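Enquirer:
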Amino acid sequence: MKLNLITVSLATLVAAGAFPAHAGPQAHVVCGYHHTLGDDAIMMFGKANQAMWHDFFGNTHTDAISTYQTLRAQPDTTCDNKADSSAYWAPSMKLPDGEIVNPAYQKTYYQSTNVAQYPLHPFPAGLELLAGDHHGT
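The following block contains the structure:
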């Protein structure tokens, strides 16, 4: 069975210092599963339950109308780095019988190369990222 994985991030407090200034060229955050909704605050903003099903990690208040401001106002998180109140989501996995499989957690990597020539900088406030490979397995 071919599985597609797209990870989405609405970066919030990460920009303000979740990673120390002396960090190496890679950092990661592990966030526990929190909820599943048919929402996507980047691709279908404001359209509750009109996107495909997604599993949500990190900020516990993420839904179709989440913004940088709303996530900062309610920074509750399932992430191991409590300074990271970002919202992370990925498409839900369904079994052939239609049952949705709830994941335990997700791990997001932030990685850079050649940091001597291209020094690391904090993410800009409100950064939204889409990542994935719809041809992946």
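For the sequence shown, the residue numbers in mature numbering (1 follows the signal peptide of the UniProt record, and there is no 0) are -23 to -1, 1 to 114.
Glycine is no exception: its CB is placed at the ideal position from the N, C-alpha and C atoms.
Just so we're clear, the structure is a prediction, and the values are computed from it rather than from any experiment.
Buried or exposed: L72, going by 16 or more other Cβ atoms within 10 Å of its Cβ?
Expert: Exposed.
Enquirer: In whole angstroms, give me the CA-to-CA distance for Y10 and F33.
Expert: Cα-Cα distance, rounded: 6 Å.
Enquirer: Between which two residues does the alpha helix (DSSP H) carrying T55 extend?
Expert: Unbroken run through T55: none, as it is neither H nor E.
Enquirer: For D110 and S69, what's the separation of their Cα atoms in angstroms?
Expert: Approximately 15 Å, taken between the alpha carbons.
Enquirer: Considering Q46, what are the terminal residues of the alpha helix (DSSP H) in which it resides?
Expert: Residues 45 to 50.
Enquirer: Who are the near neighbours of G103 in its chain, counting only those whose CB is closer than 6 Å to its CB and skipping five residues on each side?
Expert: Contacts found: Y45.
Enquirer: According to DSSP, is L107 helix, strand or coil?
Expert: L107: strand per DSSP, three-state reduction.
Enquirer: For W30, which three-state DSSP category applies?
Expert: DSSP places W30 in coil when its eight states are reduced to three.
Enquirer: By Cβ distance below 6 Å, which residues in the same chain neighbour D53 in space, the five residues on each side in sequence not counted?
Expert: So the list reads T37, once near-sequence residues are dropped.
Enquirer: So, helix, strand or coil for V6, using DSSP?
Expert: DSSP places V6 in strand when its eight states are reduced to three.
Enquirer: Restricting to Cα atoms, I'd like to know which of G23, P96, I42, W66 is closest to T85.
Expert: Ranking G23, P96, I42, W66 by Cα distance to T85 puts W66 first.
Enquirer: Between L97, P80, V92, which lies nearest to V7 when the distance is taken from Cα to Cα?
Expert: Among L97, P80, V92, the Cα nearest to that of V7 belongs to P80.
Enquirer: Is DSSP giving I77 helix, strand or coil here?
Expert: Correct three-state label for I77: strand.
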